[in-house]
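Remarks on the structure that follows.
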Amino acid sequence: MMVNFSLSNAFSFMDAQNMSMLAVSSAKDDINLANVVSVSDVRILKSALIFGANASGKSNLMKTISLMKDIVLHSVQAIESSITKNVIPFLLDEDGPNKPSEMEMTFISDGVKYRYGLSIFQGKIKEEWLYYTPKSRETILFERDGLSIEVNKAAFSESNLFIKEGIIQKTREDVPFVSVVAGFNGEHSKRVVNWFNNIVFLSGSNEGMFTAITMKLINESEDFKAWLKKNTSSIPD
């Protein structure tokens, strides 16, 4: 499950922005507890609403998550056209093109919390990092700086074949290290890649599908019908 996503200097965002799925501690009666799930002792929202004016960045937030997914899943195979070149810095500030774009995802996969991030500049991965929380304390798995890398040899031994004297081997500058290691069934790297692979994007433009699902819920779920009547005044009995 997604815990948090942050980005900076990407598309229409210059300053760091953060989307958290952590549930707040609240005793209010209007909190929908059905929308909160506890995973590894972390209370996480099943869903969240992003709202704002037109051109305020809602679509670009989703675009960045989608692009991060593509980079993790498909960069190894993208030989002729680098996917990382699709990361566009904020162009309405003179500093934007001269700084890297950053994106970081925190999530829980197979009951383990991970924090994975990328820093991309001019189509190349400037930095890449992966941390995990096996118990209560976050621990580094690796930190990459260009083609140099620092690795937790005990916890991330799956990377040993791809590192020589602190330098990454068999990995292009536009390819995530975690993707390369996952191709050889590394425990942690495979969890990261599998988690991104399970992200599904639904588009509101597919109205027919959502209409069918809504009508099915209205006809079959009294709880959904009661919720709909409470929140939508135009729905008759």
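Note that full-length UniProt numbering has the sequence shown beginning at 1, numbered continuously upward.
The beta carbon of each residue, even a glycine, is placed where N, CA and C say it ideally should be.
Item                                                                                                   : Value
Backbone secondary structure at Val181 - three-state DSSP                                              : helix
First through last residue of the beta strand (DSSP E) which encompasses Asp145                        : Thr139 to Asp145
Assigned exposure category for Gly111 - 16 Cβ within 10 Å defines buried                               : exposed
CB-CB length for residue 238 against Ser75, believed under 8 Å                                         : With the chain represented from 1 up to 237, any question about residue 238 goes unanswered, as that position is not in the structure.
Proximity of residue 311 and Phe162 at Cβ, strictly below 8 Å                                          : No answer is possible for residue 311: it lies beyond the span of the chain, which begins at 1 and ends at 237.
Sequence-distant residues of its chain with Cβ nearer than 7 Å to Asp93 (five each side left out)      : Met14
Whether Met103 touches Leu228 by CB criterion (8 Å)                                                    : no
8 Å Cβ shell around Gln17 - same chain, five flanking residues per side excluded                       : Ser6, Leu7, Ser8, Gly57 and Leu61
Cβ contact check for the stretch 46 to 55 and the stretch 126 to 143: 3 or more pairs under 8 Å        : no
Assigned exposure category for Lys170 - 16 Cβ within 10 Å defines buried                               : exposed
Exposed unless 16 or more other CB atoms sit within 10 angstroms - verdict on Ala212                   : exposed
Cβ neighbours of Ile108 in the same chain (closer than 8 Å, five flanking residues each side left out) : Met1, Val3, Val39, Ser40, Val42, Ile44 and Tyr114
Three-state class that DSSP yields for Leu22 in the structure shown                                    : strand
Spatially closest choice to Ile79 from Glu173, Leu202 and Phe224, by CA coordinates                    : Glu173
Pairwise C-alpha distance: Gly183 and Trp195                                                           : 14 Å
Candidates Ser66, Ala23, Asn32 and Asn160: closest to Val200 by CA position                            : Ser66
Between the CA atoms of Ile218 and Thr230 - distance to the nearest angstrom                           : As written in the sequence, residue 230 is Lys, which differs from the Thr given in the question. One C-alpha to the other measures close to 13 Å.
Residue nearest to Leu73 in terms of C-alpha spacing, selected from Met215, Glu187, Val87 and Val180   : Val180
Cβ-based neighbour list, Ser47, same chain, cut-off 8 Å, excluding 5 preceding and 5 following         : Asn35
Bridge partners - Asn4, DSSP secondary structure assignment                                            : Ser20 and Thr106
Identity of the residues DSSP links to Glu187 by a beta bridge                                         : Looking at the DSSP assignment, Glu187 forms no beta bridge with any residue, so it has no partner.
Met68 vs Met21 beta-carbon contact at 8 Å                                                              : no
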